[in-house]
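Just so we're aligned: the sequence shown equals residues -22 to -1, 1 to 607 in mature numbering (1 follows the signal peptide of the UniProt record, and there is no 0).
Glycine is no exception: its CB is placed at the ideal position from the N, C-alpha and C atoms.
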Amino acid sequence: MKTTATKLALILATMTSGWAMAAPDLSTTQAPVLSIEDKIVLGRVESVYYQDIEALEGIPFVGKIDTGADTTSMHAEDIKVISNNPKYQGLSDEKLMQTIVDEYGGSASDWWLKEFDNDERNFQGVVNFTLRHPYTGEKIEMERPLTRTSVIRSRTSSTPIYRPVVTLPMTIAGKTVDTEVNLTDRSGFSAPILIGKTFLANNAWVMAGYDYLQEQKDAQVIGRRESGSVTDVPVDVSISLSNNYSILNAQNIEVDKKANSVSFDLVGKEGAQKRVTYPLVKMLSVSGNEYPMIFVPFKGGKDFEGTIQVYLKDRSKQSTQLRLGLNTLNKNFIVDTGAKGKLEKKKQSFAARMKDKPLVVSPTESLILDGVQLDAEPSFAVNTPLLKVSSFEIIEAKGRDKVEYYLSSDLGNEEKIRKTILRRIKVGDTVRPVVDGEFIVGDRTVTVEFALEALDSDEGDKPYFIIGKKATKAGVLVNTRSENLLDAYPVFTAGHIENATVEGLSFPVKLDTGADVSSMNATNIKQFEKDGKKMVTFTYTNDMGMKQEFTREVVDVMRIRAKAGEKANVRPVVNMRVKLGDVEKTVRVNLQDRSRFHYSMILGKNFLKYGVVVSSDENFLLGNEIGSH
């Protein structure tokens, strides 16, 4: 399968006279399919519904979709496990579950996965727990039979963790599955539900490169600046393409942790103000400070009315009272960079807007200009596409003036670029020279005009490209659900386990959509400095008998949030060359001792985003020439 990167495909279509390009193939990462072989394709995050619980009917819960999780997991409170069998009288909760597991084979046997309760065993297990309504804070008491136990093998301890498993119908994208779910405290995680194989098997594929993929086609198009109301208080609305969470202007904030609520003055535009109280979801830590997070009703125009999650902060010095972050945008909206006030107009879906063939980009892009790869990003302020460089010099010449600036090659060498100035544009007090350059588009090279400007003092010294609002006649849309949408990679299916080639070694790997960054087995990890760079040596081994020493530059450090009962740990991150199917990429890999696990490497989102659609229950869909098991 050929992996083609269609860079700047549509941005160039109307910037270059007489040049046009076909719409992106629906089988690529630019516009992926929503079902394959009668199974839905889920993004890495989707909305999950408890449709059989009357008090929660129609309420979406954030679900993280994880092919690496054997059992689905959900947040619950006041969890109590008992048995009505007199044999287990006096035992409850973890002690009860451990006793049952040990009685029939122990925690290493997995006997409970084949058959748990039967007439002979007669456990008569009952689980009582509560769920909390996210909008009202109401506690909903639940009772379900104990379906089985879940035994979690710890990364850092030989003592397993025991959790009760119940069966609940869960619905995603209209698909309802009677799902075995383990109950636990997930209050420290952004998603209260982790969807694992007990939902996914035989029902869904997972595309880790997208969030809310199933809701994308119905997403509402909004402008870069909007207005609306929160609890009938009018607010001006802005957009953030870099912050995950939305922020609401609040003053005189009072958190009552005992009542699990927060009261505050909701301050809107033009002096509008209202004292309100909402259930507290959690305290969110941002830059060393903690802010209360809540759900609030947001109404925009005639056609949008929904509940969004925000954290509370004084925004009195800002021009807007509500700033929408990526989490809210991912679930609900597509942003038209050239528009304002679209919520006040007739509702327009993403699918309808695409009929105009606009350019669709993500907040994070890359492109190749004059042979140099550059980071790129859309802008709500810039009209003409703009290259920002550390500095440039204008040279007067006969005919047309010239401009010189520097770009770094792939080898890190500074290359001087000299171009003819085609015209100048004035932006405020700044005059920008306009030049043209060669952009790589698939296997073609296309000449495109762009302006130049020096980097600001707070932008560092790395050049980058700004995709202006007027890059195409049909406009520029920002889809925050994915990354690098200017690169079109063919979508292909793969099993939960596949053979990959890593730095020349071929062995089976686990495809884990729940992992942000890939990870591989490493022992004898020794960090040191060389020529001012942080370096690491480590030994890679697997149970196939492979062993190889590596020395790599440390490009980052990961702090892994622990599961309940475990300690967080810190891991060095290095770059490794990985090939799966026809996709070959250099990706970041964190190093950890995985010698206790059969699979010595997991491929996470940072590799899977290149078009891999993962099955949770099938293996080796790409072939198994090396006979892995």
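TODO: Could you have a look at Tyr28 and say whether DSSP puts it in helix, strand or coil?
DONE: Taking the first residue of the sequence shown as 1, we reach residue 28 at position 50. DSSP, reduced to helix, strand and coil, places Tyr28 outside both helices and strands of the structure shown, so it counts as coil.
Review point. Looking only at C-alpha atoms, which of Thr114, Gly284, Ala54 and Asn227 sits nearest to Arg141?
Key: As a working note, residue 141 is residue 163 in the sequence shown. Residue Ala54 is the option with its Cα nearest to Arg141.
- Give me the Cα-Cα distance between Asp534 and Glu393, rounded to the nearest whole angstrom. Residue mapping note: residue 534 aligns to position 556 of the sequence shown, counting from 1. Residue mapping note: residue 393 aligns to position 415 of the sequence shown, counting from 1. Annotation: Asp534 to Glu393 spans about 27 Å, alpha carbon to alpha carbon.
Q.
If I follow the unbroken beta strand (DSSP E) through Ala478, where does it start and stop?
A. Position 500 of the sequence shown, counting from 1, holds the residue named residue 478. Looking at the DSSP string, the run of the beta strand (DSSP E) that includes Ala478 is Ile475 to Val480.
Q. On the three-pair Cβ rule with 8 Å, is the segment 188 to 199 touching the segment 236 to 244?
A. The segment 188 to 199 is not in contact with the segment 236 to 244.
Subject >> Beta-carbon gap between Val23 and Gly41 smaller than 8 Å >> reply: On the sequence shown, residue 23 is found 45 positions in, with the first residue counted as 1. On the sequence shown, residue 41 is found 63 positions in, with the first residue counted as 1. Yes, they are a contact pair.
Exercise. Answer yes or no: do Val487 and Ala478 have a C-beta to C-beta separation smaller than 8 Å?
Key: Locating residue 487 in the sequence shown gives position 509, counting from the first residue. Locating residue 478 in the sequence shown gives position 500, counting from the first residue. Yes, the Cβ-Cβ distance between Val487 and Ala478 is below 8 Å.
Ignore the nearest five residues each way along the sequence and tell me which others in Asp16's own chain have a CB closer than 8 Å to its CB. What you label residue 16 is simply residue 38 of the sequence shown in a count that begins at 1. Excluding sequence neighbours, Asp16 sits near nothing in its chain.
Mapping the DSSP letters down to three states, classify Val592 as helix, strand or coil.
Against the sequence shown, residue 592 aligns to sequence position 614. Note: Val592 maps to strand in three-state DSSP.
For Glu72, tell me which candidate among Trp89, Gly103 and Leu91 has the shortest Cα-Cα distance. In the sequence shown, the residue the question calls residue 72 occupies position 94. Checking every option, the nearest Cα to that of Glu72 belongs to Gly103.
- Message: Give me the residue from Ser25, Pro411, Ala169 and Asn597 with the minimum Cα distance to His474.
- Response: Position 496 of the sequence shown, counting from 1, holds the residue named residue 474. Nearest in C-alpha terms to His474, of all of Ser25, Pro411, Ala169 and Asn597, is Asn597.
Thr127 and Met52: beta carbons closer than 8 Å? What you label residue 127 is simply residue 149 of the sequence shown in a count that begins at 1. What you label residue 52 is simply residue 74 of the sequence shown in a count that begins at 1. Contact flag unset, no.
Practice problem: Compute every distance between the C-beta of Val350 and the non-hydrogen atoms of the ligand FAD, then say whether any falls below 7 Å. | Solution: No copy of the ligand FAD occurs in the structure displayed, which carries no ligand at all.
Strictly by DSSP, which residues pair up with Arg410?
Taking the sequence shown and counting its residues from 1, the one referred to as residue 410 is at position 432. Answer by DSSP bridge pairing, in chain order: Ile403.
Range covered by the beta strand (DSSP E) that runs through Ile604
Along the sequence shown, read from residue 1 onward, the residue named residue 604 stands at position 626. Here Ile604 belongs to no beta strand (DSSP E), and DSSP marks it neither H nor E.
Environment of Lys323 [buried if 16+ CB atoms lie within 10 Å] = As a first step, residue 323 must be located in the sequence shown, where it is residue number 345. Using a 10 angstroms sphere on the CB of Lys323, the tally of other CB atoms stays under 16, which defines it as exposed.
I'd like to check one pair, Gly446 with Thr362: are the Cβ atoms closer than 8 Å?
Residue 362 sits at position 384 when you count from the first residue of the sequence shown. Residue 446 sits at position 468 when you count from the first residue of the sequence shown. Yes, these two residues count as a Cβ contact at 8 Å.
Q.
Report the start-end ranges of each alpha helix (DSSP H) in the segment 242 to 326 that is 4 residues or longer and not cut off at the edges.
A. Counting only runs of 4 or more, we get 304 to 310.
**Item:** Beta-ladder partner(s) of Gln570, from DSSP
**Value:** Translated into the one-based positions of the sequence shown, residue 570 becomes position 592. Beta-bridge analysis with DSSP links Gln570 to Asn499.
When the Cα atoms are used, what is the spatial distance from Leu(-11) to Ala449?
For the purposes of this step, residue -11 is identified with residue 12 of the sequence shown, where counting begins at 1. For the purposes of this step, residue 449 is identified with residue 471 of the sequence shown, where counting begins at 1. Low local confidence applies: a pLDDT of 42 at Leu(-11) is under 50, so the model's placement there is unreliable, and no value is given.
Item to check | Runs of beta strand (DSSP E) lying entirely within the segment 424 to 483, each at least 3 residues, in chain order | outcome: Counting only runs of 3 or more, we get 442 to 445, 454 to 456, 470 to 472 and 475 to 480.
* What residues in its chain sit with their C-beta under 8 Å from that of Gly601, if we drop five residues either side in the sequence? -> Sequence index remark: in the sequence shown, residue 601 carries index 623 (1-based). Residues Asn477 of the same chain have their beta carbon placed closer than 8 Å to that of Gly601, with the five preceding and five following residues left out of the count.
By the 10 Å Cβ neighbour count, where 16 or more other Cβ atoms means buried, how is residue 643 classified, buried or exposed? Only positions -22 to 607 of the chain appear in the structure, and residue 643 is not among them; the question remains open.
Coarse secondary structure for Ala(-14), derived from DSSP in three states: Taking the first residue of the sequence shown as 1, we reach residue -14 at position 9. Its pLDDT being 39, under 50, Ala(-14) is placed unreliably in this model, and the value from its coordinates should be taken loosely. Assignment of Ala(-14) by DSSP, reduced to helix, strand and coil, places it in the coil class.
### Query
Any contact of the segment 199 to 215 with the segment 308 to 316, i.e. 3+ C-beta pairs under 8 Å?
Short answer: they touch.
- request: Could you have a look at Ala237 and say whether DSSP puts it in helix, strand or coil?
  value: For the purposes of this step, residue 237 is taken as the residue at position 259 of the sequence shown. DSSP places Ala237 in coil when its eight states are reduced to three.
By alpha-carbon positions, which one of Gly510, Ala151, Lys366 and Ala472 ends up nearest to Phe39? The residue given as residue 39 occupies position 61 in the sequence shown. Selected option, being the one with the closest Cα: Ala151.
- Item | Option nearest Asn520 by Cα separation, candidates Arg402, Phe273, Met579 and Thr425 | In the sequence shown, counting from the first residue as 1, residue 520 sits at position 542. Selected option, being the one with the closest Cα: Met579.
Practice prompt. Taking all protein chains shown into account, decide if Ala(-1) is buried (16 or more other Cβ within 10 angstroms of its Cβ) or exposed.
Written response: Here residue -1 refers to the residue found at position 22 when the sequence shown is read from its first residue. Low confidence applies here, because Ala(-1) scores a pLDDT of 34, under 50, leaving its location unreliable and the question unanswered by this model.
Would you say Pro147 and Asp156 are within 8 Å of each other, going by their C-beta atoms? Reading the sequence shown from its first residue, position 169 is the one you call residue 147. Reading the sequence shown from its first residue, position 178 is the one you call residue 156. Yes, the pair counts as a contact, with Cβ atoms nearer than the cut-off.
* To do: State the Cα-Cα distance for the pair Leu581 and Thr491, rounded to the nearest angstrom.
  => Taking the sequence shown and counting its residues from 1, one reaches residue 581 at position 603. Taking the sequence shown and counting its residues from 1, one reaches residue 491 at position 513. When rounded, the distance between both Cα atoms is 8 Å.
Practice item. Please confirm if the segment 453 to 462 is in contact with the segment 341 to 349, defined as three or more CB-CB distances below 8 Å between the two stretches. Key: Cβ pair count under 8 Å is three or more, so yes.
List in chain order: all unbroken beta strand (DSSP E) runs of 3+ residues lying wholly within the segment 207 to 232.
-> Entirely contained in the segment 207 to 232, the beta strand (DSSP E) runs reaching 3 residues are, in chain order, 211 to 217.
Q. Do you know offhand how far Ser357's Cα is from Ser218's?
A. Here residue 357 refers to the residue found at position 379 when the sequence shown is read from its first residue. Here residue 218 refers to the residue found at position 240 when the sequence shown is read from its first residue. If you take the alpha carbons of Ser357 and Ser218, they lie about 11 Å apart.
Just to check my reading of the structure: Val19 and Val11 have Cβ atoms closer than 8 Å, yes? What is that Cβ distance to the nearest angstrom? For the purposes of this step, residue 19 is taken as residue 41 along the sequence shown, with counting starting at 1. For the purposes of this step, residue 11 is taken as residue 33 along the sequence shown, with counting starting at 1. Indeed they touch by this definition, with Cβ atoms about 6 Å apart.
Q: Have a look at the DSSP bridge pairing and note the partners of Gly41.
A: Indexing the sequence shown from 1 puts residue 41 at position 63. DSSP, once it has assigned bridges, lists Glu24 and Ile171 as partnering Gly41.
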